[in-house]
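Position 163 of the sequence shown, counted from 1, bears residue number 214 in the working numbering, the numbering being contiguous throughout.
We treat Cβ as the ideally placed atom computed from N, Cα and C, and that holds for glycine.
Report on the following structure.
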Amino acid sequence: MAAIRPGDAGASVAYYVDQVSYDRHDYYAGHGEAPGVWHGAFAEHLGLSGDVAAEDFRAVLEGVDPATGEPLKSRANRRVAAWDVTFSPPKSISALWALAPEDARQQVHDAQAAAVDAAVGYLTRYACVARLGRDGVDRQDGAQLGFLRAEFTHRCSREGDPQLHSHTILVNLLEAPDGRRAALDGGLLFQHAKAADGIYQAALRAELTRRLGVCWERRDEQWEIAGIPPGLCREWSKRRSQITAALEARGLDPDMASGRAAQTAALATRHRKVRIGDGRSLHARFADEAIAAGHDPTDILQAALHVGVQHGPRGPHVTRLLDAMTGPDGVTKQASSFSRRDAVIDLAARSAIHGVSADNATARVEIIVNRLLRDDRVVPVL
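Put into structure tokens, the structure is as follows:
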């Protein structure tokens, strides 16, 4: 899933910079996460590329050009320094990564990167808007340079369970077509978060099927890799169990709790990450944990991986998809009207697109949504 969290311009700067330094030190010492990486045209425009250095990261979060020391915009936003958009795959994908041989693990990493790029591309097209003028009433498109973005991909949860996830840090700064710079519209990010997650999930499924031949099954309202035991996924979900317990202790149903309540529970149960060890010892530990839980890693990989099996770009026929989306269990199941992003969420959740790249999967979602919006059964509401 994709989660969006604003980082205030005080404490979050120290937190993120400390995390960058911690990750880099531990990674090069052989027992930490990989350094963050700069992405996109805006970063290149500022001369930022490759690994994220703590001093450069601090500068842009504080609204300063790391090369010149000059302010990046006329008035710094004192409340929000950046937005942390976190993309996390279903647990079966992390479980596959944990047990797979090195070449397959790299394919999972590459699929994750491609899916995150697809989701950020969606946000760039629909939610990359600068707030200019008094009170930010002048909205300007910031997609020309896009987001000033740093990517941090982590392998484990705070409890040391396998949990591949990417922190996409979007600095609270955009450049309008006329060269003016301003804060981005955070409200739009929140509005499009679920749709971006849908794009991410659909792109990730497509990439993993194309690369590793995996098949999919619906489980707990999401797509999971067929052949990965549900019991192993539960065993490696200690962090989720902590958050669930914290919500239940407050008398809240975890399935119905608001995002704010879940975030409060996550922060209340948060502690420093378990040191995860180097790659070889980490994956040996995962194999031992799977065996201790009654699961044979070799059997799991044989059931899940079908490398070399050709899956064509198949999925439900477009006509059947449109019929389903306009039916009683489609986009108007919960309300009589819907937006484009609602259609993206619905389609991405129901469509299993096989054998194509993340870009092609995203394009297919967009094409079918466009078809839906032009369908005679859909009446535009102004």
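Could you give the residue range of the alpha helix (DSSP H) that holds W287? Run containing W287: none; DSSP gives neither H nor E here.
Can you list, in chain order, the residues of its chain whose CB lies under 7 Å from that of G98, leaving out five sequence neighbours each side? A118
With distances taken Cα to Cα, identify the nearest neighbour of Q353 among L423, C266 and D168. The shortest C-alpha separation from Q353 is found at C266.
Buried or exposed (CB count within 10 angstroms, at least 16 for buried), T413: buried
Going by DSSP in three states, I250 sits in which element: helix, strand or coil? helix
Three-state secondary structure (DSSP) of F203: strand
Looking at the structure shown, is S437 part of a helix, part of a strand, or coil, going by DSSP? The question about residue 437 has no answer, for the chain in this structure spans 52 to 433.
One or two residues paired with E121 in a DSSP bridge: Bridge partners of E121: none, in fact.
Contacting residues, own chain, Cβ-Cβ under 7 Å from E258 (five flanking each side not counted): The answer, listed in chain order, is A162, A165, A166, S408 and A409.
Which residue's Cα is closest to the Cα of V432: L224, F389 and D393? F389
Whose CA, out of L263, T175, A254 and S217, lies closest to the CA of L225? Selected option, being the one with the closest Cα: T175.
Considering only residues of the same chain and omitting the five flanking positions on each side of A181, which have a CB-CB separation below 8 Å? The residues are R190, Q191, D192, G193, L225, E226, A227, R231, R232, A233, A234, L235 and D236.
On the CB-based measure, 16 or more other CB atoms within 10 Å of its CB, does R185 come out buried or exposed? exposed
Could you give the DSSP three-state label for H334: helix, strand or coil? Correct three-state label for H334: helix.
Between the beta-carbon of G278 and the beta-carbon of A201, is there less than 8 Å? Contact: no.
Compare the C-beta of G87 with all C-beta atoms of chain B and state if any pair is closer than 8 Å. This model lacks chain B altogether, as it is built from one protein chain only.
Could you check where the beta strand (DSSP E) with L373 kicks off and where it finishes? Per DSSP, L373 belongs to no beta strand (DSSP E); it is in the alpha helix (DSSP H), V369 to M376.
Per DSSP, what kind of secondary structure is A133 in: helix, strand or coil? Strand.
Rounded C-alpha distance that separates R261 from V159: The alpha-carbon atoms of R261 and V159 are separated by roughly 11 Å.
Delimiting residues of the beta strand (DSSP E) encompassing E479: This structure does not reach residue 479, given that the chain is present from 52 up to 433, and the question cannot be answered.
Can you say whether P122 is buried or exposed, counting buried as having 16 or more other CB atoms within 10 angstroms of its CB? exposed
In whole angstroms, what is the alpha-carbon distance linking T349 and Q273? 25 Å
Would you kindly work out how many angstroms separate the C-alpha atoms of S143 and L263, rounded to a whole number? 14 Å
Between which two residues does the beta strand (DSSP E) harbouring E268 extend? W267 to R270
In the segment 133-158, which residue ranges form an unbroken alpha helix (DSSP H) of at least 4 residues, counting only runs that do not cross its ends? Those alpha helix (DSSP H) runs which fall completely within the segment 133-158 and span 4+ residues are 142-150.
Would the segment 335-349 count as touching the segment 386-400 if we require 3 or more Cβ pairs under 8 Å? Taking 8 Å as the limit for Cβ pairs, the verdict is that the segment 386-400 does not touch the segment 335-349.
Give me whichever residues DSSP pairs with V115 in a beta bridge. P122
Work out the CA separation of R285 and G381 for me, nearest whole Å. Inter-residue distance for G381 and R285 is about 30 Å (C-alpha atoms, whole angstroms).
Please state whether DSSP places R185 in a helix, a strand or coil. helix
Check D102 in the structure and name its three-state DSSP category. The answer is strand: DSSP assigns D102 an E or B state.
Who are the Cβ neighbours of W134 in its own chain at under 8 Å, not counting the five residues just before and after it? I55, R56, P57, G58, I220, L221, N223, L235, G237 and L240
Please report the straight-line C-alpha distance between I342 and E153, rounded to a whole angstrom. So the alpha carbons of these two residues sit roughly 19 Å apart.
Using 8 Å for Cβ pairs, my map puts L150 next to I351. What's the rounded Cβ distance? Yes, L150 and I351 are in contact; Cβ-Cβ is about 6 Å, under 8 Å.
Shortest alpha-carbon distance to Q411 belongs to which of R156, H205 and A254? Sequence inspection shows Asn at residue 411; the Gln mentioned does not correspond to that position. Looking at the Cα atoms, A254 is the closest of the given residues.
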